[in-house]
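Presented below is the structure to which this report refers.
There are 2 protein chains.
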Amino acid sequence: MPVLHERIAADLRSLIHDGTLAAGDRLPTEQDLMAQYRASRTPVRQALQTLANEGLIDTATSRGTFVREQRPLTLHAARYEREHREESPADAYRSELLAQGRAAGQTFEMRIVPASEAVASRLRVAEQSLVVQRRCIRTVDARPSSVQDSYYPYDIADGTEILSPNDVKRGIIAVLAEEGHVEVGYVDEIRPRMPPQDDERRLLQLGPGVPVLDQIRTAYTAQRPVRLTWNVWAADGIRLVYELGDLRAMHDEPR
Amino acid sequence: MPVLHERIAADLRSLIHDGTLAAGDRLPTEQDLMAQYRASRTPVRQALQTLANEGLIDTATSRGTFVREQRPLTLHAARYEREHREESPADAYRSELLAQGRAAGQTFEMRIVPASEAVASRLRVAEQSLVVQRRCIRTVDARPSSVQDSYYPYDIADGTEILSPNDVKRGIIAVLAEEGHVEVGYVDEIRPRMPPQDDERRLLQLGPGVPVLDQIRTAYTAQRPVRLTWNVWAADGIRLVYELGDLRAMHDEPR
DNA sequence: AAGTGGTCTAGACCACGGG
DNA sequence: CCGTGGTCTAGACCACTTC
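Top line first, the protein sequences correspond to chains X and A.
Residues 0 to 254 (numbering that gives the first Met the number 0) are what the first sequence spells out, left to right.
Residues 0 to 254 (numbering that gives the first Met the number 0) are what the second sequence spells out, left to right.
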């Protein structure tokens, strides 16, 4: 038989998995659990920390411990259908959320910043040279879901709507294309990262110990990289899907 | 100023980041830290647990606490070059590791098992119907790196090398093609998952609290799904790269 | 045998949120 | 004000590794 804190964790995990404790429900207090297991606070708190690490619960100081919503968002990062339908990415994002019964919101912000090493090497510009950063904080069901920073070389953005501080309805990719920068492909890097920087924690409203997922897309014309889109997702809230090849005949959704 | 355990964690984190403590080095013992900070064991252990969650250290019972190797493996899950060069996936994997100065190893195992719900829905076979499972445990630098389970519908595998208990040199995709099952595309699902099941923890030699990344590839012919390849990676040890579109002119490597 | 991390007890004080 | 989780002290015993 495992040790006490593991038994407590296993018991609570079962209650959550079998639905006795549903999303949003409050768990027994630490005092309750101490009484129930005739244990001291240490193993009780260790069990709760384990579950918090698993993303099953959230603790709220002075209020209690609550079962976390477990509905990861599914996003098609590359989709056969879309490539052949000319929908703008922003619209695709919104319609994909709606299809999953989620409410999408976003805030925009435009800044001109010196390129960090990570941005410069991908856009192939000099470090510290100016790039346009368009930040989009996306919310799902009124909770922050991702921080998306898109970067453009300044020489490309200059004099275009890319410098607009607002959402560009037809999509930045279309703007780039009109300016003669037609994207022909992109490279996506997917990298889980252990707990985020403090500012990311705030933006995404993450508890400590919750990892994030970077999705870094570098888009190219036939000549050069023209766009870098850096998404940071809460790791336990996201599922990315890449569809490759000719899947016309295959359009069912795996679960 | 933050609380004690956060200061201890921050101090140790700095020592690791600035190289004072290098990969493989042993950290001060809990007793040392208690003396150094004139603290009790609780905040010391909490600090160490924080770092363990961040994937920075490993604790080894009775031996000490050690700085963890921090060199994520980069794998091209989809690559323009490869699609046009006809290298078998297994070879591509090995050569990619070699290019990063890593030593690759793998063990094979073949079993015939009833399809779980997750497998059945993706391969579009009945739940509990028989499928062929080929398990490949991959090691990098003599440490387990991923567990890869490939599943094939039994009617397709029957009478082919897919039932062989050994590695198939030219690759299973080639075998499938010879049998008339030519893959035309695939769907990849990328899903971070909070700490893994106990058996996965053992196979991947993961500490508690370390998340994993599922990469689930369902490959299709023009008619049906014929292959399901389910990779489980230690989340902090992997970076996946997808190259899409015509990137012939663009073949530099982002960092 | 000595030292290490893993587990657990029994207390304490605090800040914060809600009646 | 009271209950909650967050932090911390000061001990204890254990299993295991290393010498």
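Every residue gets a Cβ at the ideal spot worked out from N, C-alpha and C, and that includes glycine.
With respect to the 9 angstroms criterion, Gly23/X and Glu68/X are classified as neighbours on the basis of their beta carbons. For Ile189/A, the chain X residues whose Cβ falls inside 9 angstroms of its Cβ are Ala76, Ile189, Leu212, Gln214, Ile237, Arg238, Leu239, Val240, Tyr241, in order along the chain. Assignment of Thr73/A by DSSP, reduced to helix, strand and coil, places it in the strand class.
When secondary structure is reduced to three states using DSSP, Leu55/X falls in the coil class, being assigned neither helix nor strand. Bounds of the alpha helix (DSSP H) holding Val174/X are 171 to 177. Taking 9 angstroms as the cut-off, the beta carbon of Pro210/A is found closer than this to the beta carbon of Met193/A. Contacts with chain X at 9 angstroms (Cβ-Cβ) do not include Gln147/A. Neighbourhood of Ala234/A in chain X, by CB distance below 7 angstroms: Pro191, Pro210, in chain order. An exposed status is given to Asn165/A, since fewer than 16 other beta-carbon atoms sit within 10 Å of its beta-carbon. Against chain A, the beta carbon of Glu53/X has neighbours under 7 angstroms at Met193, Pro194, listed in chain order.
C-alpha of Tyr151/A to C-alpha of Thr138/A: approximately 23 angstroms in a straight line. Against chain X, the CB of Thr58/A has no partner CB under 9 angstroms away; the residue lies outside that interface. As the crow flies, the alpha-carbon of Gly158/A is around 11 angstroms from that of Val174/A.
Taking Gln105/X as the centre and dropping the five residues before and after it, the same chain places the C-beta of Cys135, Arg137 closer than 6 angstroms to its C-beta, in chain order.
By the 16-neighbour rule on beta-carbons within 10 angstroms, Gly236/A is buried. A direct Cα-Cα distance of roughly 8 angstroms separates Met0/X from Arg6/X.
Secondary structure at Pro143/A: strand, using DSSP grouped into helix, strand and coil. Counting only the Cα atoms, Ala156/A lies some 15 angstroms from Val118/A. Within the region 169 to 238 of chain A, the runs of beta strand (DSSP E) that reach at least 3 residues and sit entirely inside it are, in chain order, 184 to 192, 211 to 219, 224 to 233.
Just measuring C-alpha positions, the residue of Asp140/A, Arg226/A, Ala234/A, Asp10/A sitting nearest Glu199/A is Ala234/A. Sequence-distant Cβ neighbours of Val167/A in its own chain, meaning closer than 7 angstroms and more than five residues away, are Glu160, Val174.
For Gln127/A, the secondary structure class from DSSP, reduced to helix, strand or coil, is coil. For Asp148/X, the beta-bridge partners assigned by DSSP are Arg134/X, Trp229/X. Below the 8 angstroms Cβ cutoff, chain X contributes no neighbours of Pro1/A, its closest Cβ being approximately 10 angstroms away.
With contacts defined by Cβ atoms closer than 9 angstroms, Tyr241/X and Thr217/X do not form a contacting pair. Looking from the CA of Thr73/A, the closest CA among Gly179/X, Arg223/X, Val131/X, Glu188/X belongs to Glu188/X. In the DSSP assignment, Gly244/X forms a beta bridge with Gly184/A. The beta carbon of Ala38/A sits closer than 8 angstroms to those of Leu3, Ile7, Leu32, all from its chain and outside the five residues before and after it, given in chain order. Closest in C-alpha terms to Gly179/A, from the list Gln222/A, Pro191/A, Leu205/A, comes Gln222/A. Within chain A, the residues placing a beta-carbon under 8 angstroms from that of Pro71/X are Arg190, ordered along the chain.
Glu182/X and Leu227/X have their alpha carbons spaced roughly 12 angstroms apart. Proximity of Ala221/A to chain X, defined by a Cβ-Cβ separation below 9 angstroms, is satisfied.
The beta carbon of Leu11/A is closer than 7 angstroms to those of Leu26, Ala46, Leu50 in its chain, skipping five residues each way along the sequence.
Of the residues Arg133/X, Val66/X, Asp213/X, Ala77/X, the one whose Cα lies closest to the Cα of Ala21/X is Val66/X. When only Cα atoms are considered, Leu122/A and Ser128/A end up about 11 angstroms apart. Taking 7 angstroms as the upper bound on Cβ-Cβ separation, chain X lies near residues Val183, Gly184, Tyr185 of the region 171 to 185 of chain A.
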